[in-house]
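Undergrad: Sending over a structure as structure tokens; questions will come in a sec.
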Amino acid sequence: MSGAEPSSAPAPGPAPGRRKRAARADALRNRDKLLAAARAAFTASGDTTPMEAVARDAGVGIGTLYRHFPTREALVEAVYAAELDDVTGSVPRLLAESPPVDALRAWMRRYAAFVATKRGMADVLRAGWDSGRIATPDTRRRIGEAIGTLLARGAEEGVLRDDVAADDVTVMLLGIFLTAATADAPEQTERLLDLVIDALRPPLSAPRPDATPRAAGGDGAGGSRRSRGCPPPPAAG
Numbered sequence: 038m039s040g041a042e043p044s045s046a047p048a049p050g051p052a053p054g055r056r057k058r059a060a061r062a063d064a065l066r067n068r069d070k071l072l073a074a075a076r077a078a079f080t081a082s083g084d085t086t087p088m089e090a091v092a093r094d095a096g097v098g099i100g101t102l103y104r105h106f107p108t109r110e111a112l113v114e115a116v117y118a119a120e121l122d123d124v125t126g127s128v129p130r131l132l133a134e135s136p137p138v139d140a141l142r143a144w145m146r147r148y149a150a151f152v153a154t155k156r157g158m159a160d161v162l163r164a165g166w167d168s169g170r171i172a173t174p175d176t177r178r179r180i181g182e183a184i185g186t187l188l189a190r191g192a193e194e195g196v197l198r199d200d201v202a203a204d205d206v207t208v209m210l211l212g213i214f215l216t217a218a219t220a221d222a223p224e225q226t227e228r229l230l231d232l233v234i235d236a237l238r239p240p241l242s243a244p245r246p247d248a249t250p251r252a253a254g255g256d257g258a259g260g261s262r263r264s265r266g267c268p269p270p271p272a273a274g
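Quick note: to get this note's numbering, add 37 to the position in the sequence shown (first position is 1).
Put into structure tokens, the structure is as follows:
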């Protein structure tokens, strides 16, 4: 009795579900690469950067770019949303890795990068805000919540003031980043951030308003002499 003939059928390929998961993972990687390339290009050259240049920098074809982002506006808005998610979502990690003041300083630098990217996309973003596709109040709220979380942790540990509104800090930082950007002076930005951090530290203990001034080398005048057993000064005349 002869043995069974070896099968000539091809080996089965990946299951359909596995192929779909691999395709989705590949699409997500391409999307992330496109967002990173667009963020760098818009920060450096503004939102008029050719779409072909973004695709080339991402290492994908122009067709792949347009499958993910059919228009320039869609790409700009996706970059903005990803940056906002990153800057607001970084707070828990920063607080887990560093003391509150260091975490706040690191977050302010990350916020500066967000503002720089947003500035490069200003024209398209403005159209998005005007049309309502991008909600400005939501952006302000999320940034304020991030700052508020950092301030609250610092106040709990006694290293930051507990009487500062997060929105006031947002306004200060925007003023610094937008003004310093026109001068292209990173050293000045760092000095201004130092001033913000110093302003957010708790004030030193102040003397009580009703405290009796002390003379150099001794206690206050009057009753203090009697408390030390010294006779009162002679009356004038």
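Note that beta-carbon positions come from the ideal geometry of N, C-alpha and C, so glycine has one too.
For residue 231, tell me which candidate among 141, 125, 177, 73 has the shortest Cα-Cα distance.
TA: In the sequence shown, counting from the first residue as 1, residue 231 sits at position 194. The residue with the shortest Cα to Cα distance from residue 231 is 141.
Undergrad: Tell me whether the beta-carbon of residue 75 lies closer than 8 Å to the beta-carbon of residue 97.
TA: Position 38 of the sequence shown, counted from the start, is the residue given in the question as residue 75. Position 60 of the sequence shown, counted from the start, is the residue given in the question as residue 97. Not in contact: residue 75 and residue 97 (Cβ atoms no closer than 8 Å).
Undergrad: Label residue 166 either buried or exposed according to how many other C-beta atoms from any shown protein chain fall within 10 Å of its C-beta, with 16 as the threshold for buried.
TA: One-based indexing of the sequence shown puts residue 166 at position 129. Answer is exposed; the Cβ neighbour count stays below 16.
Undergrad: Can you grab the Cα-Cα spacing for the pair residue 240 / residue 185, in whole Å?
TA: In the sequence shown, residue 240 corresponds to position 203, counting from 1. In the sequence shown, residue 185 corresponds to position 148, counting from 1. Straight-line Cα distance between these residues: approximately 19 Å.
Undergrad: Is the distance from the Cβ of residue 194 to the Cβ of residue 137 below 8 Å?
TA: Counting from one through the sequence shown, the residue named residue 194 turns up at place 157. Counting from one through the sequence shown, the residue named residue 137 turns up at place 100. Yes; because the gap between Cβ atoms is below 8 Å, this pair is in contact.
Undergrad: In whole angstroms, give me the CA-to-CA distance for residue 180 and residue 145.
TA: In the sequence shown, the residue the question calls residue 180 occupies position 143. In the sequence shown, the residue the question calls residue 145 occupies position 108. Going by the C-alpha atoms only, they are around 11 Å apart.
Undergrad: Skipping 5 residues on each side, what residues in its chain have a beta carbon closer than 6 Å to that of residue 120?
TA: Your numbering for residue 120 matches position 83 in the sequence shown. Closer than 6 Å at Cβ, skipping near neighbours: 151, 154.
Undergrad: Count the other CB atoms, across all protein chains shown, that sit within 10 Å of the CB of residue 86; report buried if there are 16 or more and exposed otherwise.
TA: Translated into the one-based positions of the sequence shown, residue 86 becomes position 49. Burial call: buried.
Undergrad: What does the alpha-carbon distance come out to for the pair residue 65 and residue 100?
TA: Position 28 of the sequence shown, counting from 1, holds the residue named residue 65. Position 63 of the sequence shown, counting from 1, holds the residue named residue 100. Cα-Cα distance, rounded: 15 Å.
Undergrad: Taking the beta carbon of residue 59 as the centre, do at least 16 other beta carbons fall within 10 Å, making it buried, or is it exposed?
TA: Locating residue 59 in the sequence shown gives position 22, where the first residue counts as 1. Exposed: under 16 other Cβ atoms inside 10 Å.
Undergrad: Which residues mark the beginning and the end of the alpha helix (DSSP H) in which residue 301 is found?
TA: The question about residue 301 has no answer, for the chain in this structure spans 38 to 274.
Undergrad: Starting from residue 233, follow the alpha helix (DSSP H) in both directions and report where the run begins and ends.
TA: The sequence position of residue 233 within the sequence shown is 196, counting from 1. 223-237 is the span of the alpha helix (DSSP H), which, as asked, contains residue 233.
Undergrad: Below 8 Å between beta carbons: does that hold for residue 238 and residue 190?
TA: Here residue 238 corresponds to residue number 201 of the sequence shown, with the count starting at 1. Here residue 190 corresponds to residue number 153 of the sequence shown, with the count starting at 1. Not a contact, by the Cβ cut-off of 8 Å.
Undergrad: Would you report the Cα separation of residue 182 and residue 203, rounded to the nearest angstrom?
TA: Within the sequence shown, residue 182 is the residue found at index 145, counting from 1. Within the sequence shown, residue 203 is the residue found at index 166, counting from 1. Taking the straight line from one Cα to the other gives about 7 Å.
Undergrad: Taking the alpha carbon of residue 216 as the reference point, which residue from 128, 149, 173, 192 has its own alpha carbon closest?
TA: In the sequence shown, the residue the question calls residue 216 occupies position 179. Of 128, 149, 173, 192, the residue nearest in Cα terms is 149.
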